[in-house]
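Q:
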Amino acid sequence: MLSTTILQLGAYAFEIYYWLILIAIFGSWFPQFQTSKIGLWVHQLVEPYLGFFRRFIPPLGPIDFSPIIALLALRYLSGFALEGLRQSLNFLGI
Numbered sequence: 003m004l005s006t007t008i009l010q011l012g013a014y015a016f017e018i019y020y021w022l023i024l025i026a027i028f029g030s031w032f033p034q035f036q037t038s039k040i041g042l043w044v045h046q047l048v049e050p051y052l053g054f055f056r057r058f059i060p061p062l063g064p065i066d067f068s069p070i071i072a073l074l075a076l077r078y079l080s081g082f083a084l085e086g087l088r089q090s091l092n093f094l095g096i
C-alpha cells in the first residue's frame with residue numbers, strides 16, 4: 003500500500019514536470035506569458051532541464067528541437083526511475 007502511494011507520487015511528479023515543460027514551450031510563443039509571474043515561475047522550473055539539451059542540440063533557425071528531445075528523454079527516463087524505485091521498495095519490503 004505504501005509502496006503504491008510512493009510510486010504514484012513519483013509518477014505524478016514526472017507527469018507534472020512534463021506538463022510544465024509543455025506549458026513553457028507553448029508559452030514561449032506569447033511574450034505576455036513570458037513576462038508574467040506564472041511564466042517566469044515555469045521558466046525557472048524547467049529551464050535548467052531544457053538548457054541541458056540546448057547545449058547539445060542548437061536551434062535550427064527559428065525552430066528549437068531540444069524541447070521535443072527533452073520531453074522524449076523525460077518519458078524514457080521516468081520509466082527507468084519509477085522501475086528502479088519500485089524494485090528498491092520491493093527490496094526494502096515496503
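Residue numbers for the sequence shown follow the working numbering, so the first one is 3 and each next one is one higher. A virtual CB, placed ideally from N, CA and C, is assigned to each residue, including glycine.
For proline 69 versus isoleucine 27, is the C-beta distance shorter than 8 Å?
A: Cβ atoms of proline 69 and isoleucine 27: closer than 8 Å.
Q: Below 8 Å between beta carbons: does that hold for leucine 79 and isoleucine 8?
A: No, Cβ-Cβ distance for leucine 79 and isoleucine 8 is not below 8 Å.
Q: Ends of the alpha helix (DSSP H) at proline 33?
A: Looking at the DSSP string, the run of the alpha helix (DSSP H) that includes proline 33 is 33 to 37.
Q: What are the complete alpha helix (DSSP H) segments, minimum 4 residues, inside the stretch 16 to 74?
A: Qualifying alpha helix (DSSP H) stretches, in chain order: 33 to 37 and 39 to 58.
Q: Would you say tyrosine 19 and leucine 76 are within 8 Å of each other, going by their C-beta atoms?
A: Contact: yes.
Q: Does the distance from the C-beta atom of isoleucine 25 to that of leucine 73 stay below 8 Å?
A: No, these two residues do not count as a Cβ contact at 8 Å.
Q: May I have the straight-line CA-CA distance separating glutamine 89 from serine 5, to the nearest angstrom?
A: Computed Cα separation, rounded: 10 Å.
Q: Nearest-angstrom Cα distance between lysine 39 and isoleucine 96?
A: Spanning the two alpha carbons is a distance of roughly 40 Å.
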